[in-house]
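Protein chains in written order, with the working numbering: chain A, 953 to 1166; chain B, 953 to 1166; chain C, 953 to 1166; chain D, 953 to 1166. Virtual Cβ for every residue (Gly too), placed ideally from N, Cα, C.
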DNA sequence: TATGAATGAGCGTTCATTCAT
DNA sequence: GATGAATGAACGCTCATTCAT
């Protein structure tokens, strides 16, 4: 048990990361203690620190690797999609947004932690390395779009994905206006209901139309 | 002097709230301690708790009252604006967004705290009371828009303001992608620069066009 | 119990400091935990931090205030002693050294912590303030000697007290060479026995003779 | 290769010890972790524990072996020096002190660890064995002095070297009184400057004169 | 013999909250 | 109403040491 292969090490790191991710689905960063992550992972507290230097690093890893994977998957889907028009791209992106929200909502929640909470204590080196990898995938994705539809330049294509996350991230913050702590607020709150999924898609749809033309 | 008038009471509460607001402009919720708020307000720590039952209540108050004031001000401006077309409304709303971002950025930052952080510990009663007041103003604002431009129904008008905040809030989360802890990341990061103001306005502009028609 | 006078506050600070001092007589800095200090003082751990910002500050306080008191007491004794010759001064200083070692040994042990351990985490402000007060007393003491015996300049008089502590501090480090963990080492260890008191006084005596003339 | 010769074993032990020594030149005992020693030695953490049962044993070894080597070297130099008078011995010892401070300052720093820190956790057996070897060299050195200058008895000669280390060790503790964390303290601190080398030699010179005559 | 992953007790420190005055 | 001293649970994190391989 003493010498782990890179693969075994990765697996344990993933165990920790995935435990943290699961917990983050239901709890806030500050309500998740390293102790709890360790317990749920059935390992000792110290072991967590053998794999991540700080608590913030865990969540930064979640954000960076999670987005990398999401964009890589998006890239693959894009390559298979053989888009031929802006309209088809729009459809593709809206479906992609649905996937992001339905299956990767934590990524979007993690965005809100990055600047104010994680960067202060996450390791600069690791973060920048992870970010650069992420940016590479992002650029590749953008280039792929540009290749398919040359009228969309690379910068614009990059921006599309930034705005995609922005919209979803913002709608999370404004969701549940009709309840308090999951319990409904008395009175007719219909006008304040937000559907993260529907409103994100609608907003992103309008955005894409505005950006790329009717 | 033993018995404070309601007015005096309000004044001290405002003092605390405004101090907290100023601190929130530059620091994260978790980096602002009650102790620091008390010191900056030149009052005792215990006094803070005479006016707000919990730390979370302070920031919930900031959010609810801040938005009330912002929407009241918006309402006034709207009443003076004498809009006659959807296009004029759009211009009005974009200018209003600029004001929101330039002068009330903390409101938008507070949105990100509400669900995951504040609701867990804020007093249910006070929050719901504050929220209902806020919703009233919000409704009034929406109705005003509907009165000016009957083609826009009240529910839609309400939604406009929710999306306005959503967009700005989301872009805050995605800003500073080209730096780490305020310091620039090496490499050409042009494609990842976000301007909260410009991108919010662009996105909101496209949204309004999509929603209300070109 | 809520508003303490300066005097009451000082008394609690002293309680903590004296508890720490007592513990330091028998244990090493790293074997004394804040928890233990709090328990022995019959107060809560948090209360300790209301009076000292860091653990290091406690011991820095002990060092600075302890020496201040010792030098003030020495100054008083000196003023009463009416010395008229270098020989009388020597006798005075040797008796003073005896007092230092017999009744203030912790001060000498604290010297060994100062540079390598305390300075790294003690508050700069407080330390420098405490040091400057200490230096003033030190200077006053030196001036007093110069006034009594003008052949001894102030700088030399200051040095005398620095060397006094040095010698005792060094001999502490070299003491107990004939035992291990308080238990005697087998064999005849007579040649390695150190008497902190006797050897300090002998060494200091020789030093003073060399410095001030037979 | 499964069975290491005694020589190979010694070589790895020396590697660890020398790495620790180098680190101790610049860092405090508590700032040097076994992990760091292992890394700097390019061996595994567990390997360190194959050669030293505890962290304290490493530094105890450094102290005992370091002093053995220093005294052996001193002995050799003494045998070559052909001293014929107390004055020549004094000169020899002062030069030896200069060497000790300039080239073996860590030995003196280690003295301060021995009693309060190392003995508590260092292995009794190994320590006593090392100490006895050290005492033998020490005695030999003392006897050599006695043989050269019969007026100096062996006990006195032993003591000379104990006081030599004491003085230097004490002056280390009292050095840097004119700065805080390497930064100068405001104000004229001339009277509180300590030169470990010069003041050690002066003090030791006076001591030797007092002990051995004029 | 060498390894390094796992451990977990223990640390200093923070801070919202209480409550006697 | 105002105060601020007291509290203590909870936190992230360290690190010497163990031991299966």
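- When 7 Å is used as the limit between beta carbons, residue 1039 of chain C is near no residue of chain D, the shortest such separation being about 15 Å.
- Proximity of the region 1049 to 1064 of chain B to the region 1118 to 1126 of chain B meets the contact definition, three or more beta-carbon pairs being nearer than 8 Å.
- Taking a beta-carbon distance threshold of 7 Å, residue 1107 of chain B counts as an interface residue toward chain A.
- Where residue 1045 of chain D is concerned, the enclosing alpha helix (DSSP H) starts and stops at 1038 to 1055.
- Taking every protein chain shown into account, the CB of residue 955 of chain C has fewer than 16 other CB atoms within 10 angstroms, so this residue is exposed.
- The region 1041 to 1056 of chain C and the region 980 to 988 of chain C do not touch, with fewer than 3 CB-CB distances between them shorter than 8 Å.
- Shown here for residue 1003 of chain A: same chain residues with a beta carbon closer than 7 Å to its own, the five before and five after excluded, namely 964, 965, 968 in chain order.
- Pairing residue 1068 of chain D with residue 1125 of chain D, the inter-Cα distance amounts to about 15 Å.
- Of the candidates A:1052, A:1035, A:1111, A:975, the residue whose Cα lies closest to the Cα of residue 1099 of chain A is A:1035.
- Secondary structure note for residue 1023 of chain D: its alpha helix (DSSP H) is the uninterrupted segment 1007 to 1033.
- Here the C-alpha atom of residue 1014 of chain D lies approximately 50 Å from the C-alpha atom of residue 974 of chain A.
- A Cβ-Cβ separation of about 7 Å places residue 1030 of chain A in contact with residue 1044 of chain A under the 8 Å criterion.
- With respect to the 7 Å criterion, residue 1163 of chain A and residue 1144 of chain A are not classified as neighbours on the basis of their beta carbons.
- Around residue 1018 of chain A, no beta-carbon contact reaches into chain B at under 7 Å, the shortest distance being about 15 Å.
- Using a CB distance below 8 Å, the part of the region 1107 to 1138 of chain C facing chain D consists of 1107, 1110, 1111, 1114, 1115, 1117, 1118, 1119, 1120, 1121, 1122, 1123, 1124, 1125, 1126, 1127, 1128, 1129, 1132, 1133, 1137, 1138, ordered along the chain.
- For a cut-off of 8 Å, the C-beta gap from residue 1049 of chain D to residue 1153 of chain D is around 6 Å, short enough to register as a contact.
- Judged by DSSP secondary structure, residue 1003 of chain D falls within the alpha helix (DSSP H) whose first and last residues are 997 to 1003.
- Residue 971 of chain B is not a Cβ neighbour of residue 1159 of chain A, given a cutoff of 7 Å.
- Here the alpha carbons of residue 1113 of chain C and residue 1052 of chain C stand approximately 11 Å from one another.
- Between residue 1110 of chain C and residue 1071 of chain D, the C-beta gap is not smaller than 7 Å, which leaves the two residues out of contact.
- Bounds of the alpha helix (DSSP H) holding residue 989 of chain C are 986 to 993.
- Assigned with DSSP and collapsed to three states, residue 1117 of chain D falls in helix.
- Inclusion of residue 1089 of chain B and residue 1032 of chain B in the CB contact set at 7 Å is not warranted, their separation being larger than that value.
- Residue 1008 of chain D sits buried, since 16 or more C-beta atoms from the chains shown fall within 10 Å of its C-beta.
- For residue 959 of chain A, no Cβ of chain B is located within less than 7 Å of the residue's own Cβ.
- In the three-state reduction of the DSSP assignment, residue 1068 of chain C falls in the helix class.
- Within the same chain, Cβ atoms closer than 7 Å to the Cβ of residue 1094 of chain A are found at 1106, 1109, 1110, the five residues on either side in sequence being excluded.
- When CB distances to chain D are screened at a threshold of 9 Å, the residues of the region 1058 to 1074 of chain C falling below it are 1060, 1061, 1063, 1064, 1065, 1066, 1067, 1068, 1069, 1071, 1072, 1074, in chain order.
- Residue 1155 of chain B has a beta carbon lying within less than 7 Å of a beta carbon in chain A.
- Per DSSP, residue 982 of chain D is not a residue of any alpha helix (DSSP H), being assigned neither H nor E.
- For residue 1099 of chain A, no Cβ of chain B is located within less than 7 Å of the residue's own Cβ.
- Contact residues of the region 965 to 996 of chain C toward chain D are 980, 982 (C-beta to C-beta distance below 7 Å).
- Membership of residue 1084 of chain B in the alpha helix (DSSP H) is indicated by the continuous run 1076 to 1100.
- Residues of chain B with a Cβ closer than 7 Å to the Cβ of residue 1011 of chain A do not exist; the shortest Cβ-Cβ separation is about 13 Å.
- Residues of chain C whose Cβ lies closer than 7 Å to the Cβ of residue 1163 of chain D are, in chain order, 1158.
- When the five nearest sequence neighbours on each side are left out, the beta carbons in the same chain lying within less than 7 Å of the beta carbon of residue 1127 of chain C are those of 1146, 1148, in order along the chain.
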